[in-house]
Every structure is written in C-alpha cells, then in structure tokens.
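Chemist: Dropping the structure in here first, questions after.
2 protein chains.
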Amino acid sequence: MSSHSHNTPCELCASRKHSLFSDLPEQHLCTISDHKNLISHRKGQILYYEGTNPLGIFCINSGVVKIYKTASNGKEQIIHLAKKGDFLGYAALLGEENYTNSAMIIEDAKICFVPKNAFLATLTKNTEFFKKVTKAISHELGEMEAKLTDATQKSIRERLAFVLLQLADSYGIEGGGSQKIDLILSREEIAGIVGTATESVIRLLSEFKKDKLIELDGKKIIILDKRGLARLSDFYA
Amino acid sequence: MSSHSHNTPCELCASRKHSLFSDLPEQHLCTISDHKNLISHRKGQILYYEGTNPLGIFCINSGVVKIYKTASNGKEQIIHLAKKGDFLGYAALLGEENYTNSAMIIEDAKICFVPKNAFLATLTKNTEFFKKVTKAISHELGEMEAKLTDATQKSIRERLAFVLLQLADSYGIEGGGSQKIDLILSREEIAGIVGTATESVIRLLSEFKKDKLIELDGKKIIILDKRGLARLSDFYA
DNA sequence: TTCGAATTATGATTTTTATCATGTTTTTCT
DNA sequence: AGAAAAACATGATAAAAATCATAATTCGAA
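Below you can see the structure in the form of structure tokens.
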C-alpha cells in the first residue's frame, strides 16, 4: 500500500527549492534528512485525522492533499489544497494541540514525514528558519480572514468564480489562449472548497459553461474567460 | 484626544499577568518597557487600518477593540474582539506584510504600543517567548478554520446563538443565575461578528427573547438559558 | 432640553440557496 | 464485459436570508 524510503536526501530534493526548507543551511538540512521518511500515498488515503496528536510534519514531494474540517452536519469544508513543496501539520505542532483538521490525498503523492523532535530541534537552533515558518503561519492567518469574509459576504456564484480562478493559478496548464485546471476534483469537493451544496456547484458550472466562461474536458475544467470570471467573482472590478 | 505616558513599567502592569508577556524574564521585559508607549483611546478611534504598514504591536491594558475586515460590499466582518491582555498586530509583523485587517476601539481603552524593533529583538533573544507567540498564532489559525466551517455550514440562527455564548464567556458578569454580557455592541456589530444582515440579528434576538433564551437590559444582553442556546447553536448536542 | 440623526424594530417581498426527487452518465469492481 | 455504485445533471419545491419600506425609539450634540 505505501512504500518507504529513508534514503532520498533532502539536499537533492527538487520540491525543496520552493519550500520552507529552501535556504536551510546544509548542516540543519542533514538533521532533517537523516530522520525523515518518504512514503508513497494513493488517492483517498488519510494522512491524519482532526483531533489526533501530531507526531511530526509532512512535506509534500509530489501529489495533492486536501486539508478539511468535517462540520457537525457531516459536510466537509476544505480549508485548502496542498501541493509539491507545501508543509503540513506544523501549526498543530507549534500550537501544541491536536490537529484542527484532517488531510486526505486527492492525487497520488510522495510525502516525507519529519518527526516532531527533528523539526523542533532545527527550529530552535536556527532562528531564521523559525522566523520563516512563523511568517508562513502568519500569512495563512491573513488568508483565512479573507476566506471568512468572503464566505459571509459573497454569494455562491461569486465564490465559485473566485475558486476557479485560484485553482487555475495553482493547477493551470496553458493551452491555446485558455487554461486547463489540471486536477481532478469531484463536484462535491468543489462544493467543499466553496462552502455550498453539491447541486449548487453543478448548476453554476452549467451556467458558466452556457455563458462560455468555462468548458469541460472530462472531469477537468478549462477556463475560457478569465476576465469574465474575475468580474463575476467580485462586487466591483 | 489621546494621552501619552512612557512611564508605567510592564513589570507592574496588571494585564500582563494573562498575556504573552506573562513569563518573560525581567531583563527582556525591561527592553519592552523602556520602548513602549501607553496611549488612551476613545470609542470609535482607529488603531490601524487594513493595508497599512505595521510599525509595532499593541498590547491592550484595558478596553475592547474590534478587529475587522471590510468586504467589497462595504460591510464589516468582525474577525474577533480583543480585550485586556490581548496582543494585536503581531501576525502582520511576523508575516512581514501590511495589516490584513483594521482595528477600532469599541470600549474606551488604554493600549501600549511596542515598536517593531524592540519586539523583534526580544523575540530573537528569547526563543521561549518566540515559541509562545508562534503558539498563539497557530492557535488562532485553528480557530479561524472553525469559524470558516461554521460560516459555510451553519445557519444564521445557530451562529448567533453560538456568538452569544462566546460573548457571555468573555464578557459575562454573573447575576442571579443569569449572565449579563457586559459589552455594548450595536446590532450592526453583532451582525458583523455573525456574518449576516443587521435586520436578521434584530429579528433573531427578538425571537430569542420571545423564547425566553435572553433578555435585554438596555443595550446589554442577558443570557437566561445557556443550555437552550447551546442546543440551538449546533446540529446535535 | 430639544431637535435631528442614528439605531432598533417589524412587516412585506424578493432573492438566494438548500433540499428533495428522479433520471442519466460515468466509474469501479469483479 | 457487465453489474453495482458513485457521480453528475436537472427540475420542482421549500426554506433561509437579504432587501426594501416604514415606524418607533434612543442617542447625541447644539
């Protein structure tokens, strides 16, 4: 099910270039590298569950992970999608509390696990690295404030249009003037990102398609009219 | 309009006891104390605006401050209310970005301003303090995830009931089996916390009153039936 | 203390969104 | 390949919430 390998050094990791580890000195990188553990995960597998105790952090080498919270009505609110170079679980570790969300693989992934102690030791020894991690958390906090504001003050149509633009930014591949979102998401998952009912997403995507804003290529969405979606996504602009 | 005073040392500050500064060693506390600046603020005054550059952090000695974001439709989403012992603005400082929200005094306040350099220097010299600050930000992040999930998956009635319980926790004063929320908020501000229209809050408060869940004492709200509100605030429980 | 403005209140209406129902298509598993 | 399950689609309906309108009340400044 999952394959293990301790021996792919962080020093040679391509996804490290754009991660929090990007300018960690070799000496500290080795501490991490010596203790880490690369695991392959298949779509649908759970990385960790909300409410459990974090034992370390995850570093995504490839693939996509959804970070979500299960509401009391059973629906999933997707907090964000994490991909190559992203770190997971450091907030719970630094907040000294159990995971406040769950993580599930949505595109086959290779993920390194760095045990708590190795991570915290590096943090303590290297203030620059600590600052970088804290900077990332602070930035996330600002993003969450914006998401909350959008959730309460914007319509579903506006939010879906905005989500499509964001997905295009993160997962878009160019092709003849248009951009294809190269990520398979179910309508239910898109609903989980937007924070609405699955049927509403299906209906609105049909509408967007009819209005020539998007096009469907199997399960993938092609953005035809970025400007149009941008106009839809906000009250002004 | 605002009175200044450099000479109330942090060492003697009562609100410090329950703040991030609570177990900062005297040596570092003095660095902070020597550079800080106590200012009195009146209701309605702005502490800082979203989009501006943070020059330091704020430490609330007394009073209440609302932290909010202005949505594109002009409405305010209140992120949280800060009171005695709370710190403001450190996330923007540590995230090395402009303020992602604005802060306005809603109950006359005395607030210390600690310049950026004094704060950052203390952070760098004292890893324990740094960890404590990071822990606070991480915790806030988890709370924001919960708020986002509530905003998208719960009804306005549920959210208002929950907000009233939270306000009672933070600002409640006991009195004959019931609890009075000792904080003056306009209906519009309550709507800003819940993330809804002002009229909806007014209507629901009337409903809660009719159902003997709350009672009004001038502008202040008295919680009569905590259990009833708790039942209303969630799908189960 | 009184006048004007802001806030609170309530009703009517419209819009938005969720839910329910049902059929079709696509995946998945054997 | 074929059956079962899951996902997608669309219509009908109901529920939730926003908006608009209009009073009544409270508050604040002259």
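For the protein sequence lines, the chains are F and H, in the order given. Each residue of the first sequence is one higher than the last, beginning at 1 in UniProt numbering. Each residue of the second sequence is one higher than the last, beginning at 1 in UniProt numbering. A virtual CB, placed ideally from N, CA and C, is assigned to each residue, including glycine.
Closest to residue 101 of chain F by C-alpha separation, out of F:223, F:23, F:90, F:51, would be which residue?
Modeler: Here residue 101 of chain F refers to the residue found at position 101 of the first sequence. For residue 101 of chain F, the nearest C-alpha among the options comes from F:51.
Chemist: What residues in its chain sit with their C-beta under 8 Å from that of residue 41 of chain H, if we drop five residues either side in the sequence?
Modeler: Here residue 41 of chain H is taken as the residue at index 41 of the second sequence, counted from 1. Excluding residues within five positions, the ones whose Cβ falls inside 8 Å are 2, 47, 63, 105, 108, 109, 110, 111.
Chemist: From residue 157 of chain F to residue 72 of chain H, what does the alpha carbon distance come to, in whole angstroms?
Modeler: Counting from 1 along the first sequence, the entry for residue 157 of chain F is found at position 157. Counting from 1 along the second sequence, the entry for residue 72 of chain H is found at position 72. About 15 Å.
Chemist: Counting only runs that start and end within the UniProt domain "HTH crp-type" (154 to 227) of chain F, where is the alpha helix (DSSP H) found for 4 or more residues in a row?
Modeler: 156 to 171, 187 to 194, 198 to 210
Chemist: For residue 40 of chain F, does the three-state DSSP call read helix, strand or coil?
Modeler: Here residue 40 of chain F corresponds to residue number 40 of the first sequence, with the count starting at 1. Strand.
Chemist: Tell me, which residues are paired with residue 62 of chain F by DSSP?
Modeler: For the purposes of this step, residue 62 of chain F is identified with residue 62 of the first sequence, where counting begins at 1. According to DSSP, which records beta bridges pairwise, residue 62 of chain F is partnered with F:110.
Chemist: Whose C-beta lies closer than 8 Å to the C-beta of residue 220 of chain H among residues of the same chain, with five residues either side of it excluded?
Modeler: The residue you call residue 220 of chain H lines up with position 220 of the second sequence. Here the set comprises 180, 181, 182, 183, 184.
Chemist: Whose C-alpha, out of F:168, F:202, F:201, F:175, is nearest the C-alpha of residue 226 of chain F?
Modeler: On the first sequence, position 226 is the one that residue 226 of chain F refers to. Relative to the Cα of residue 226 of chain F, the nearest Cα in the group F:168, F:202, F:201, F:175 belongs to F:168.
Chemist: So, at 8 Å on beta carbons, what are the nonlocal neighbours of residue 4 of chain H in its own chain, with the 5 sequence-adjacent residues on each side left out?
Modeler: To locate residue 4 of chain H, count along the second sequence from 1; it is residue 4. Only weak support is given to the placement of residue 4 of chain H: the predicted model assigns it a pLDDT of 46, under 50, and the value that follows is read from those uncertain coordinates. Cβ within range, chain order: 37, 38, 39.
Chemist: According to the neighbour-count rule (16 or more other Cβ atoms, all chains shown, within 10 Å of its Cβ), is residue 18 of chain F buried or exposed?
Modeler: As a working mapping, residue 18 of chain F is identified with position 18 in the first sequence. Residue 18 of chain F should be labelled exposed.
Chemist: Taking 7 Å as the limit between beta carbons, can you name the residues of its chain near residue 201 of chain H, skipping five residues before and five after?
Modeler: Along the second sequence, read from residue 1 onward, the residue named residue 201 of chain H stands at position 201. 160, 187, 190, 191, 194.
Chemist: My understanding is that residue 224 of chain H touches residue 212 of chain H, with C-beta atoms under 8 Å, so please give their C-beta distance in whole angstroms.
Modeler: Taking the first residue of the second sequence as position 1, residue 224 of chain H is located at position 224. Taking the first residue of the second sequence as position 1, residue 212 of chain H is located at position 212. At roughly 6 Å, the Cβ-Cβ gap stays under 8 Å, so residue 224 of chain H and residue 212 of chain H are in contact.
Chemist: For my contact list, residue 151 of chain F and residue 148 of chain H are in at a C-beta cut-off of 8 Å; report their separation, rounded to the angstrom.
Modeler: Reading the first sequence from its first residue, position 151 is the one you call residue 151 of chain F. Reading the second sequence from its first residue, position 148 is the one you call residue 148 of chain H. That belief holds up - the Cβ atoms of residue 151 of chain F and residue 148 of chain H are roughly 6 Å apart, short of 8 Å.
Chemist: Would residue 238 of chain H pass as an interface residue toward chain F - the criterion being a Cβ-Cβ separation below 7 Å?
Modeler: No information on residue 238 of chain H is available, as it lies outside the stretch 1 to 237 that chain H covers here.
Chemist: Got a sec: is the Cβ-Cβ distance from residue 139 of chain H to anything in chain F below 7 Å?
Modeler: The sequence position of residue 139 of chain H within the second sequence is 139, counting from 1. Answer yes: the Cβ-Cβ gap between residue 139 of chain H and chain F drops below 7 Å somewhere.
Chemist: Helix, strand or coil: which one does DSSP assign to residue 21 of chain H?
Modeler: As a working mapping, residue 21 of chain H is identified with position 21 in the second sequence. It is coil, neither helix nor strand.
Chemist: Where does residue 25 of chain F land, buried or exposed, given buried means 16+ other C-beta within 10 angstroms?
Modeler: Start at 1 with the first residue of the first sequence, and residue 25 of chain F comes out as number 25. When all chains shown are included, residue 25 of chain F counts as exposed.
Chemist: Among H:33, H:53, H:163, which residue has its Cα nearest to the Cα of residue 79 of chain H?
Modeler: Sequence index remark: in the second sequence, residue 79 of chain H carries index 79 (1-based). Closest option to residue 79 of chain H, Cα to Cα, is H:163.
Chemist: Against chain F, with Cβ distances strictly below 7 Å, would residue 235 of chain H count as a contact?
Modeler: Working through the second sequence from its first residue, we reach residue 235 of chain H at position 235. The predicted position of residue 235 of chain H is uncertain, since its pLDDT is 46 and thus under 50; a value taken from the coordinates is nonetheless stated next. At least one chain F Cβ lies under 7 Å of residue 235 of chain H.
Chemist: Under the DSSP definition of a beta bridge, which residues are partnered with residue 56 of chain F?
Modeler: Counting from one through the first sequence, the residue named residue 56 of chain F turns up at place 56. Residue 56 of chain F pairs with F:115.
Chemist: Can you pull the chain H residues whose beta carbon is under 7 Å from the beta carbon of residue 130 of chain F, in chain order?
Modeler: Sequence index remark: in the first sequence, residue 130 of chain F carries index 130 (1-based). Within 7 Å Cβ-Cβ: 130.
Chemist: Compute the distance between the beta-carbons of residue 65 of chain H and residue 103 of chain H, then report whether it is under 7 Å.
Modeler: Position 65 of the second sequence holds residue 65 of chain H. Position 103 of the second sequence holds residue 103 of chain H. For residue 65 of chain H and residue 103 of chain H, yes; Cβs fall inside 7 Å.
Chemist: If we ignore side chains and look at the alpha-carbon of each, how far apart do residue 98 of chain F and residue 144 of chain H end up?
Modeler: Stepping through the first sequence from its first residue, residue 98 of chain F is reached at position 98. Stepping through the second sequence from its first residue, residue 144 of chain H is reached at position 144. Each residue's alpha carbon lies about 15 Å from the other.
Chemist: Using the DSSP secondary-structure output, state which residues sit across from residue 69 of chain H in a beta bridge.
Modeler: Taking the second sequence and counting its residues from 1, one reaches residue 69 of chain H at position 69. Residue 69 of chain H is bridged to H:77.
Chemist: Report all residues from its chain with a CB closer than 7 Å to the CB of residue 16 of chain H; omit the five preceding and five following residues, and keep chain order.
Modeler: Looking up residue 16 of chain H in the second sequence gives position 16. Only 10, 22 meet the Cβ criterion.
Chemist: Could you tell me if residue 230 of chain H is buried or exposed, where buried requires 16 or more neighbouring beta carbons within 10 angstroms of its beta carbon?
Modeler: Position 230 of the second sequence holds residue 230 of chain H. Here residue 230 of chain H is exposed: its Cβ has fewer than 16 other Cβ atoms, across all protein chains shown, within 10 Å.
Chemist: Is the CB-CB distance between residue 58 of chain F and residue 88 of chain F below 7 Å?
Modeler: Residue 58 of chain F sits at position 58 when you count from the first residue of the first sequence. Residue 88 of chain F sits at position 88 when you count from the first residue of the first sequence. Against a cut-off of 7 Å, the Cβ pair of residue 88 of chain F and residue 58 of chain F comes out as a contact.
Chemist: For residue 104 of chain H, go through chain F and note every residue whose CB falls closer than 7 Å to its CB, in chain order.
Modeler: For the purposes of this step, residue 104 of chain H is identified with residue 104 of the second sequence, where counting begins at 1. Neighbours of residue 104 of chain H on chain F: none; closest Cβ ~15 Å, over 7 Å.
Chemist: Does residue 155 of chain F pass the burial test, meaning 16 or more other C-beta atoms within 10 Å, or should it be called exposed?
Modeler: The sequence position of residue 155 of chain F within the first sequence is 155, counting from 1. Exposed, because fewer than 16 other Cβ atoms sit within 10 Å of the Cβ of residue 155 of chain F.
Chemist: Please confirm whether residue 153 of chain F and residue 75 of chain H have their CB atoms less than 7 Å apart.
Modeler: Mapped onto the first sequence, residue 153 of chain F falls at position 153. Mapped onto the second sequence, residue 75 of chain H falls at position 75. Against a cut-off of 7 Å, the Cβ pair of residue 75 of chain H and residue 153 of chain F comes out as a contact.
Chemist: Measure the C-alpha to C-alpha separation of residue 217 of chain F and residue 197 of chain F and round it to an integer number of angstroms.
Modeler: For the purposes of this step, residue 217 of chain F is taken as the residue at position 217 of the first sequence. For the purposes of this step, residue 197 of chain F is taken as the residue at position 197 of the first sequence. So the alpha carbons of these two residues sit roughly 23 Å apart.
Chemist: Considering only residues of the same chain and omitting the five flanking positions on each side of residue 93 of chain F, which have a CB-CB separation below 8 Å?
Modeler: Numbered from its first residue, the first sequence carries residue 93 of chain F at position 93. Answer for residue 93 of chain F: 54, 56, 57, 116, 119, 120, listed in chain order.
Chemist: Would a C-beta distance cut-off of 7 Å place residue 86 of chain F and residue 60 of chain F closer than the cut-off?
Modeler: Position 86 of the first sequence, counted from the first residue, corresponds to residue 86 of chain F. Position 60 of the first sequence, counted from the first residue, corresponds to residue 60 of chain F. Contact flag set, yes.
Chemist: Grouping DSSP H, G and I as helix and E and B as strand, with all else coil, what is residue 125 of chain F?
Modeler: As a working note, residue 125 of chain F is residue 125 in the first sequence. Three-state result, residue 125 of chain F: helix.
Chemist: What are the boundary residues of the alpha helix (DSSP H) that residue 48 of chain H is part of?
Modeler: Stepping through the second sequence from its first residue, residue 48 of chain H is reached at position 48. Taken as a continuous stretch (DSSP letters only), residue 48 of chain H belongs to no alpha helix (DSSP H), being part of the beta strand (DSSP E) at 46 to 48.
Chemist: Please name the residue or residues paired with residue 103 of chain H in a DSSP beta bridge.
Modeler: Position 103 of the second sequence holds residue 103 of chain H. DSSP, once it has assigned bridges, lists H:48, H:67 as partnering residue 103 of chain H.
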